[in-house]
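Counted from 1, the sequence shown has number 665 at position 655 by the working numbering; the numbering is strictly sequential. Cβ coordinates follow ideal geometry from the N, Cα and C atoms, glycine included. Values in this document were obtained by computation on a predicted structure and should not be read as measured data.
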Amino acid sequence: MFSVVIPVFNHEKYLHDAVTSALQSRLVNEVLLVDDGSKDRSPEIITALAKQHPNRIRDLTPMSSGNKGAHVRLNQLCEVAKNEWIAVLNSDDVFVPGRFEVIQALGRTTKADMICGSLAIINEDGSIIGGKKGLLDPEYSHPSSIDPNMLDDPQHMLAALCNQNIIATTSNMTFRKSLFHKIGGFADLRYTHDWNFALLAALVGKVHISSSYLTKYRIHGSNTIKERSGHIDGEIRRFFYKLLADYMQIEASPLCRDGLIGNQHLAPYVTQNQIAIREMETAPFSFNWSRSKEFYRVKSRHLSKHPFAELGEHAYVLSSRDGLNFRALENSVAAIQHNGYDFVILSHALEESPVVTINSDGSFDCIFNAAAASLFLEGSAYGKKLRGRIVRNALKENWPHLTDDLSNIPAFQPASIDGPEITFGDSPHNRSAHKIVFPETSDGTGPLILVLPIFLAVGGVERNTIEVIRALRHRYRFLVITTERQLPHQGSLHYQLDELNIPTLDLAEIADRSDHVSIMHSINDAYKPDAVWICNGSPWLADNAERIRRIFSHTPIVDQQVYDTEYGWINRYNDPGIQSFDHFIAINQRIKAKFISEIRIPPHRVSLIYSAINTSKLSRPLASPDEFNNLRINLGLSAASKCFAFIGRLTSQKRPLHFLEIARASAASGHDDQFLLVGDGELGVDCDRFISDNSLSNVRRIKYYDDSWAMMNVIDGLIITSAFEGLPIVLLEALSFGRPAFSTDVGDVKIVLQEYAAGCIYDAGATTTEAWEEFLVWRGNLERYTDGAQRHRVDILDRFSSRAIARQYADIFDRLIKS
């Protein structure tokens, strides 16, 4: 006997015919239905049918209401089915008369665990408009090596399913309940749970496809599979790369490999060789310091004589005037192991090669082997064939340091310097790379979260990432991997992670971009993270999203790359590699809406999380009158005039020149307001020129600040001129000090300012004159907006505190790791 399971969603027009087609066979003694939160009359129709056929129909809707998704409903229904055989029927499809008699006979003769058939394609009115006979009617051409007439052979069946979804729909599936349990049910896939289930059925059981027409598959305007979304092929990548990791026999089969290569939904198919690149031997190198677990520091050590006699030819030694952190040492070790360098020069600033930092005696912090010893101990590489690399280890912004140009140092004048690469003689550039061996992970408790920012510049995204890590570091272990080369004007927040003892590796310092995929593969092998958090997009990551998915096939990936609905990484979000990730964080409501309504990411895979602020720095009492006066004096500001600030990177996105236009209009109008331009970036020179050309004595430029309390106490209001934003951290910091804001209408700024009556917005496309006029309106209501910000100061601190925001991240990490 057969149980028929029918999940129902908004199919009032077709539901009665679907159920009737299941009841027409005496072999069906149980029809199980559940509504998945339909907005039409489907629930009432189910109730009526259950009353009409009380001995054969069961309505499970009262047990679990709401919209949970097809895979959840299928699992719910299959679990309670009483019979050995279960047939799935979507509520808009119809069974062909006599199908169960055919399947019963095939079950006896083929000993199959799942039986499928040919499909008659019908339209909304039920008229037949076509048919599909498995691989004989393929979605696209299949490899010639896969024979449609040999699908009873398990390898051909598996290869065919590796190539395309020849089953086409869950309505074409009748399977043993034991197979359902062996597979573990239907996976959390909105569009492709049928294909995933069929592949697993072929891997752990026997699948048979009959040439008989067993089901009528209906095409209409609201078919899920007709939705246009990059998330469909993203799902396919997600489940395929997990299957390939679980069942290595798939790629061991030449037939299945043909299927994978020809799979147009998977194209380009990422092979194991493309992420590991090659089998690499472990490096024979040794280092004269203890590479202790996960995070460590070493004390200063300065070498004055050759130490290699007792260390051996493959040894590397460290020479440094000050203690070094994990980041400096392990970036260097990884570079040496992967590229076979003879030496690494550590430069503790972001200046580009050939400029490096030097010690007061002219020496370098460096790591070198016996071949390069004379270069660093005697100042000569005469006759040597050496390769080396400059590895930057940026410290705090105001850290005092000396620099020199390597090409001015006699010992390096014979060298060829190409970016970070240094070559003496005709040393080969293609030395055999070795497998990178990383320090062991710590014995600390909690899952390991691998964090992937583009870099750790001085900016809102990076600050948010660090605040979340700071709040959760006792609950999880973190490993941070940056992916792009950082520019000097961007500054660095690496030191904040160093202070928290969070291990950080910088791929751009270790090797060229072409090697980053294989290094990431080595990192995964070494640390086996429990989750990956992409907290900001990068060109390398977007270009290699499919390889990232393959590397972390068993690891949930949380994606947070989008910070605007029109600009930036949102324009890569239909890429199936990105859409293969497991969960997506939207940093404002506009982005969340676009994720769900336009890109068609399932709602349960999207979370809205605003930025976090460090309340430990911001919850101090406001400055007293005397403190306020002293702070103003220290910045050369008058205590009697209002002061308005732009705080952020000087980039085309932030549009600091628009801020300076407001300052110029203020000066021209004879106002005594003062303006602070706080930050640095690629437009720094343009801003300095604008201030100088217009003699803006009312503008004070500050490139860097580290004391939020002092800065926010100095100003009377914040001005945001950005072309696009999410929800700027600096806005939340200003409001938490009771400082109102005047901002372009970007991200969720308007929502927050209106909720707390703490400022107003203007059109981001406004002209200079229009922006100035809107500023005057805001300036005229400054007292009212200040009152609103101050009244809600505590509310803002509570809502956006790093502790509150971090809990939302933790909920996502825990749920994904558990599942």
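Name the one or two DSSP bridge partners that Ala655 has.
-> Leu686, Leu728
From the DSSP output, in three-state form, read off Pro17 for me.
-> strand
Name the two residues that bound the continuous beta strand (DSSP E) containing Asn379.
-> 375 to 379
Would you kindly check if the distance between the Cβ of Ser811 and the Cβ of Ala596 is under 8 Å?
-> no
What is the DSSP secondary structure of Asp204, counted as helix, strand or coil?
-> helix
N-terminal and C-terminal residue of the beta strand (DSSP E) that Asn39 is part of | 38 to 45
Whole-angstrom distance between Glu556 and Asp436, CA atom to CA atom = 37 Å
Helix, strand or coil at Leu334 [DSSP, three-state] = strand
How long is the line joining the alpha carbons of Glu388 and Asp522, rounded to whole angstroms?
-> 30 Å
Under 8 Å between the Cβ atoms of Ser838 and Asp332?
-> A question about residue 838 goes unanswered here, because the residues of the chain that appear run from 11 up to 829.
Pairwise C-alpha distance: Ser753 and Trp788 | 10 Å
Return the residue from the list Ser662, Asn418, Cys697 that minimises the CA-CA distance to Arg674.
-> Cys697
Beta-ladder partner(s) of Ser129, from DSSP | The sequence given here has Leu at residue 129, not Ser. Answer is Lys142, Thr225.
Buried versus exposed call for Thr731 [16 or more other C-beta atoms within 10 Å across all chains shown] | buried
Name the residue from Asp243, Ser718, Gly727, Pro666 whose alpha carbon lies nearest to the alpha carbon of Asp683.
-> Gly727
Alpha carbon of Gln274 to alpha carbon of Ile246, nearest angstrom | 11 Å
Mind checking Leu687: buried by the 16 CB within 10 Å criterion, or exposed?
-> buried
N-terminal and C-terminal residue of the beta strand (DSSP E) that Thr706 is part of = The amino acid at residue 706 is misidentified as Thr; the sequence shows Leu. Counting along the chain, Leu706 falls outside any beta strand (DSSP E), and DSSP gives it neither H nor E.
For the beta strand (DSSP E) that Cys172 lies in, which residues bound it at each end?
-> Where Cys172 is concerned, there is no enclosing beta strand (DSSP E), although the alpha helix (DSSP H) it sits in stretches over 164 to 173.
Neighbourhood of His166 by C-beta, 8 Å cutoff - its chain only, sequence neighbours within 5 removed = Ile156, Asp157, Met160, Leu265
Could you give the residue range of the alpha helix (DSSP H) that holds Leu826?
-> 812 to 828
Residues bridged to Lys445 (per DSSP) | Thr292
Quick one: residues in its chain with C-beta nearer than 6 Å to the C-beta of Ile138, no 5 flanking neighbours on either side, listed in chain order?
-> Ala130, Ile132
Report the residue from Glu340, Gly429, Glu407 whose alpha carbon sits nearest the alpha carbon of Asp415.
-> Gly429
According to DSSP, what are the bridge partners of Met124?
-> Phe185, Val217
Considering Gly244, what are the terminal residues of the alpha helix (DSSP H) in which it resides?
-> 240 to 256
Please say whether Asp755 and Ala774 have beta carbons closer to each other than 8 Å?
-> yes
Contact check, Val471 vs Cys545 under 8 Å by CB: the rounded distance?
-> 7 Å
With distances taken Cα to Cα, identify the nearest neighbour of Ser390 among Ile400, Gln423, Thr367, Ser524.
-> Gln423
When Ser329, Pro566, Asn175, Lys602 are compared against Ser617, the one with the closest alpha-carbon | Lys602
Do the region 367 to 387 and the region 496 to 516 meet, that is, are 3 or more Cβ pairs less than 8 Å apart?
-> no
Sorry if obvious, but does the Cβ on Trp543 come closer than 7 Å to a heavy atom of the ligand MG?
-> The model depicted lacks the ligand MG and carries no ligand whatsoever.
So the alpha helix (DSSP H) Ser563 belongs to, where does it begin and stop?
-> Segment: none, Ser563 is in no alpha helix (DSSP H) and carries neither H nor E.
Between the region 393 to 413 and the region 355 to 367, do at least 3 Cβ pairs fall closer than 8 Å?
-> yes
List the endpoints of the continuous beta strand (DSSP E) containing Ala856.
-> Lying before the first or after the last residue shown, residue 856 is absent from the chain, which here runs from 11 to 829.
Could you give the C-beta distance for Thr180 and Asp204, rounded to a whole number, given that I count them as a contact under 8 Å?
-> 4 Å
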